[in-house]
Amino acid sequence: MSSKTWNGFGSLDLSKVEQQEGRGTNRLAVGNYTVKCTSAVMETFGAKENKRVVADFLDEAGSGDIRFNFNLHHSNPETVDIGMRQLKTFLIAGNHPTPDSPDDVASLVGLTCDIYVGMGKPWVDTNNQTRQQTEIKSFKPLSGATSNSEPSKKLDDEIPF
2 MSSKTWNGFG
12 SLDLSKVEQQ
22 EGRGTNRLAV
32 GNYTVKCTSA
42 VMETFGAKEN
52 KRVVADFLDE
62 AGSGDIRFNF
72 NLHHSNPETV
82 DIGMRQLKTF
92 LIAGNHPTPD
102 SPDDVASLVG
112 LTCDIYVGMG
122 KPWVDTNNQT
132 RQQTEIKSFK
142 PLSGATSNSE
152 PSKKLDDEIP
162 F
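Counted the way the numbering used here counts, the sequence shown spans residues 2 to 162.
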């Protein structure tokens, strides 16, 4: 089927298309995870001068994935300040070799860190429905804890009496 012609969903032929890596699994729920950045691209959005890095993160334990936008150029200076701080925090948490000057957006791919995922602010979609979804709230250096781990319920510690 030509990419210029649309003959309806029933005429789709996906036999020569590969599935997308990293995305399409379950969106990460609220909790702590160890993730790897699997893709990072610069994107223009809204007004032509607005730029952001769109990064995909995959939970190393296989729970799912999540996407995060780092706003780097925007008409609102506060938006830029927040985006720059988030990016630098991720670069340091992910042990980027040059967090003050990352040089190439591709250098984010492969960085691994711990994240905390929480609920984002409610928003209204194009159908006027209020929605809310999870989002990355913080980036932290690797701690060695397992993804979405809960405190141990094992009672094998020494009792000090």
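Note that the Cβ used here is the ideal one computed from N, Cα and C, for glycine as well.
Name, in chain order, the residues that DSSP records as bridge partners for residue i.
{"i": "A41", "result": "A56"}
{"i": "T131", "result": "V125"}
{"i": "V36", "result": "D60 and C114"}
{"i": "R28", "result": "D66"}
Taking Cβ to Cβ, would you say residue i is nearer than 8 Å to residue j?
{"i": "Y117", "j": "K89", "result": "no"}
{"i": "L143", "j": "T99", "result": "no"}
{"i": "A41", "j": "V106", "result": "yes"}
{"i": "L59", "j": "T135", "result": "no"}
{"i": "M120", "j": "V31", "result": "yes"}
{"i": "N33", "j": "D115", "result": "yes"}
{"i": "P123", "j": "Q133", "result": "yes"}
{"i": "T45", "j": "V110", "result": "no"}
Taking the beta strand (DSSP E) that residue i falls in, what are its first and last residues?
{"i": "D115", "result": "T113 to M120"}
{"i": "L73", "result": "D66 to H74"}
{"i": "T135", "result": "T135 to K141"}
Mind checking residue i: buried by the 16 CB within 10 Å criterion, or exposed?
{"i": "S102", "result": "exposed"}
{"i": "G65", "result": "buried"}
{"i": "R53", "result": "buried"}
{"i": "V125", "result": "exposed"}
{"i": "D14", "result": "exposed"}
{"i": "G11", "result": "exposed"}
{"i": "V36", "result": "buried"}
{"i": "Q87", "result": "buried"}
{"i": "N72", "result": "buried"}
{"i": "G95", "result": "buried"}
{"i": "A62", "result": "exposed"}
{"i": "A56", "result": "buried"}
For residue i, name the three-state secondary structure that DSSP assigns.
{"i": "K49", "result": "coil"}
{"i": "T80", "result": "helix"}
{"i": "L156", "result": "Only weak support exists for where L156 lies, its pLDDT of 49 falling under 50; the value from the coordinates is given anyway. L156: coil per DSSP, three-state reduction."}
{"i": "L15", "result": "coil"}
{"i": "S144", "result": "coil"}
{"i": "S102", "result": "coil"}
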